[in-house]
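First the structure, in the form of structure tokens, and then the observations on it.
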Amino acid sequence: MRVVVVGATGNVGLQTVTALADNGIEVVGLARRRPDLALQGVTWQAADIAVDDLVPLLRGADAVVHLAWLLQPSRDEATQWHTNVEGTRRVLGAAAEAGVGAVIVFSSIGAYSPGPKDTPVDESWPTDGVPTSPYSRQKAYNERVMDAFEAHHPDIRVVRLRPGLLFQAAAASEIQRLFAGPFLPTPLLRRFGVPVVPDAPGLRLQLLHTSDVAEAVRLAVCLEVRGAFNLAADPPLDPPDIARVLGARLVTVPPRVLRAATGIGWWLRLLPIDPGWIDMALSAPLLSTERARRELGWQPRLGAEEVLADFVRALGEQQGAPTPPLARDAGGPARSREIATGIGGEAR
Numbered sequence: 545m546r547v548v549v550v551g552a553t554g555n556v557g558l559q560t561v562t563a564l565a566d567n568g569i570e571v572v573g574l575a576r577r578r579p580d581l582a583l584q585g586v587t588w589q590a591a592d593i594a595v596d597d598l599v600p601l602l603r604g605a606d607a608v609v610h611l612a613w614l615l616q617p618s619r620d621e622a623t624q625w626h627t628n629v630e631g632t633r634r635v636l637g638a639a640a641e642a643g644v645g646a647v648i649v650f651s652s653i654g655a656y657s658p659g660p661k662d663t664p665v666d667e668s669w670p671t672d673g674v675p676t677s678p679y680s681r682q683k684a685y686n687e688r689v690m691d692a693f694e695a696h697h698p699d700i701r702v703v704r705l706r707p708g709l710l711f712q713a714a715a716a717s718e719i720q721r722l723f724a725g726p727f728l729p730t731p732l733l734r735r736f737g738v739p740v741v742p743d744a745p746g747l748r749l750q751l752l753h754t755s756d757v758a759e760a761v762r763l764a765v766c767l768e769v770r771g772a773f774n775l776a777a778d779p780p781l782d783p784p785d786i787a788r789v790l791g792a793r794l795v796t797v798p799p800r801v802l803r804a805a806t807g808i809g810w811w812l813r814l815l816p817i818d819p820g821w822i823d824m825a826l827s828a829p830l831l832s833t834e835r836a837r838r839e840l841g842w843q844p845r846l847g848a849e850e851v852l853a854d855f856v857r858a859l860g861e862q863q864g865a866p867t868p869p870l871a872r873d874a875g876g877p878a879r880s881r882e883i884a885t886g887i888g889g890e891a892r
């Protein structure tokens with residue numbers, strides 16, 4: 545079997561490439577920047593899904609796994625849209641033209657409309673997103689892109705994976721760059737840990753280890769399944785759970801204050817994320833993973849508490865991996881490139 549992984553060098557991509565290759569699958573990894581990394585059974589190709597001709601790169605593949613997503617420049621939604629939405633449309637169109645039989649597309653919990661935090665929802669929950677979040681709007685629009693693609697190409701097997709928050713130690717530096725920025729005091733974090741956790745009503749998180757998502761991708765490639773699958777590890781984490789796991793103090797923070805603080809950090813260019821991320825975190829529904837467990841036979845190896853504790857430790861150590869987006873120095877010496885480009889102003 546030959547599989548092309550689009551967006552092969554980031555948090556999910558590298559784990560997915562490894563999971564597929566370790567199971568004897570021939571892998572072509574596409575990324576904007578070719579990594580200096582040799583993996584048995586893996587061939588790397590450089591391509592930008594927003595502009596390059598993708599058909600020759602996908603021809604001969606049994607399946608395409610589309611993971612590419614541009615989170616930065618977070619201050620330029622037009623550039624994000626061009627890659628994230630138009631790029632997805634181009635990948636799907638190229639897959640059809642190249643005669644690919646299956647496409648696995650990475651969606652997100654962020655595609656869902658606001659929902660309950662006490663009762664898990666299945667994959668039939670509306671995917672209209674959170675309107676104040678650019679990320680959520682783009683993920684929701686991509687669901688419509690996939691709807692149209694499936695209607696026009698019923699012969700192509702389409703799988704949509706909708707995971708919760710994804711963490712692994714090797715992505716610590718990248719996740720800091722994308723979501724916390726260069727001013728996070730990692731030496732203090734390494735020495736003293738996380739001091740406080742905000743306790744805001746509605747804040748309940750589902751997360752999982754990236755390797756468990758990669759296994760779900762592998763199963764979706766190899767099994768004759770279609771449709772959407774939620775992915776998350778147990779248990780869902782409330783602020784008291786997070787504080788207990790991290791040994792932090794719990795501080796009550798009203799949602800409007802949490803949102804306002806994020807907005808100020810965004811406006812002052814201290815943070816690379818906009819307040820829409822807070823809206824999404826507070827309103828995203830609790831996910832049921834029953835379908836993935838039943839039809840894929842998927843079972844996460846790591847629990848949510850273990851994943852969180854391991855990631856925060858790696859964050860203090862600024863761990864990374866040998867690909868351009870995961871590299872420890874991707875933000876420049878002392879994260880100088882992040883600062884020079886306005887905190888979230890550069891596509892990396």
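The opening residue of the sequence shown carries number 545 in the numbering used here; numbering runs sequentially from there. We put the CB at the ideal spot given by N, CA and C, even for glycine.
Where does T671 fall in DSSP's three states?
It is coil, neither helix nor strand.
Name the DSSP bridge partner or partners of P799?
Bridge partners of P799: none, in fact.
Between which two residues does the beta strand (DSSP E) holding N774 run?
Note, N774: beta strand (DSSP E), G771 to L775.
Can you give the Cα-Cα distance for A724 and R879, rounded to whole angstroms?
Whole-angstrom Cα-Cα distance: 12 Å.
Does the contact criterion of 3 or more C-beta pairs under 8 Å hold for the stretch 715-734 versus the stretch 550-563?
Judged by Cβ distances under 8 Å, the stretch 715-734 makes contact with the stretch 550-563, as three or more pairs qualify.
For A836, collect the residues of the same chain with a Cβ closer than 7 Å to its Cβ; drop the 5 residues on either side in sequence, then sort them by chain order.
Excluding residues within five positions, the ones whose Cβ falls inside 7 Å are A760, F773, N774, L775 and W842.
What residues match up with R793 in a beta bridge as DSSP calls it?
Paired residue(s): V740.
Could you tell me the alpha carbon to alpha carbon distance between R701 and E768, rounded to whole angstroms?
Going from the Cα of R701 to the Cα of E768 covers about 8 Å.
Less than 6 Å between C-beta atoms, sequence neighbours within five positions excluded: which residues of the same chain meet that for H697?
A640.
With a CB to CB cut of under 6 Å and the five nearest residues on each side skipped, what residues in its chain are close to M824?
Cβ neighbours of M824 beyond the five flanking positions: G654, V674, S677 and S680.
I need the DSSP call for Q835, collapsed to helix, strand or coil.
Looking at the sequence itself, residue 835 is Arg, so the reference to Gln does not match. Note: R835 maps to helix in three-state DSSP.
Do three or more CB pairs link the stretch 620-639 to the stretch 584-596 at distances below 8 Å?
Yes: at least three Cβ pairs fall under 8 Å.
Round the Cβ separation of P742 and P783 to the nearest angstrom and send it over; I've been treating them as touching at under 8 Å.
Yes, P742 and P783 are in contact; Cβ-Cβ is about 7 Å, under 8 Å.
For a test of the three-state rule: what should DSSP assign to P707, helix, strand or coil?
Correct three-state label for P707: strand.
Suppose the cutoff is 7 Å on Cβ atoms and the five residues either side in sequence are ignored; what does the same chain contact list for G809 look like?
Contacts found: L815.
Is G573 near W588, with beta carbons less than 7 Å apart?
Cβ distance < 7 Å, so G573 and W588 count as in contact.
Decide yes or no for the touch test of the stretch 788-806 against the stretch 750-758: beta carbon pairs closer than 8 Å, at least 3 of them.
Output reads no: the stretch 750-758 does not touch the stretch 788-806.
Any idea what DSSP makes of F693, helix, strand or coil?
DSSP places F693 in helix when its eight states are reduced to three.
From T562 to P600, what distance separates their C-alpha atoms?
Computed Cα separation, rounded: 23 Å.
Could you tell me which of F711, V547, A871 and T806 sits nearest to P579, measuring between CA atoms?
Per the Cα distances, A871.
Beta-carbon within less than 6 Å of Q862's beta-carbon, same chain only, minus the 5 sequence neighbours each way: which residues are those?
Excluding sequence neighbours, Q862 sits near S717, T730 and R872.
Using beta-carbon positions only, say whether L564 and V571 come within less than 7 Å of one another.
Contact flag set, yes.
Less than 8 Å between the CB atoms is what I'm expecting for S652 and P707, so what's the real figure, rounded?
Sure, about 7 Å apart at Cβ, within 8 Å.
Contact defined as beta carbons within less than 8 Å: I believe A713 pairs with D854. What is the distance between those atoms, to the nearest angstrom?
At roughly 6 Å, the Cβ-Cβ gap stays under 8 Å, so A713 and D854 are in contact.
Is F727 helix, strand or coil when you go by DSSP?
Of the three classes helix, strand and coil, the one that applies to F727 here is coil, per DSSP.
Using 10 angstroms around the beta-carbon of F736, count the other beta-carbons present and answer buried if the total reaches 16, otherwise exposed.
Answer is exposed; the Cβ neighbour count stays below 16.
Have a look at A646, R577 and R633 and flag the residue whose alpha-carbon is nearest the alpha-carbon of L763.
Checking every option, the nearest Cα to that of L763 belongs to A646.
Measure the C-alpha to C-alpha separation of A607 and L705 and round it to an integer number of angstroms.
Answer to the nearest angstrom: the Cα atoms are 15 Å apart.
I think L710 touches L752, with their Cβ atoms under 8 Å apart; what is that distance to the nearest whole Å?
With a Cβ gap of about 7 Å, L710 and L752 count as contacting.
Quick check on DSSP: helix, strand or coil for R633?
Helix, per DSSP.
For G847, I'd like the list of residues in its chain whose CB is within less than 8 Å of its CB, leaving aside the five on either flank, ordered along the chain.
Excluding positions up to five away in sequence, the list reads A777, D778 and P779.
Should V689 and I648 be called a contact, given that it needs their Cβ atoms to be closer than 7 Å?
No, they are not a contact pair.
Looking at P664 and S832, is the spacing between their C-beta atoms short of 7 Å?
Cβ atoms of S832 and P664: closer than 7 Å.
Hey, how far is the Cα of M545 from the Cα of E694?
Roughly 23 Å separates the two Cα atoms.
Going by CA-CA distance only, name the one from A884, L830 and I883 that's closest to G659.
It is L830.
Have a look at R813 and L615 and give me their C-alpha separation to the nearest angstrom.
Computed Cα separation, rounded: 16 Å.
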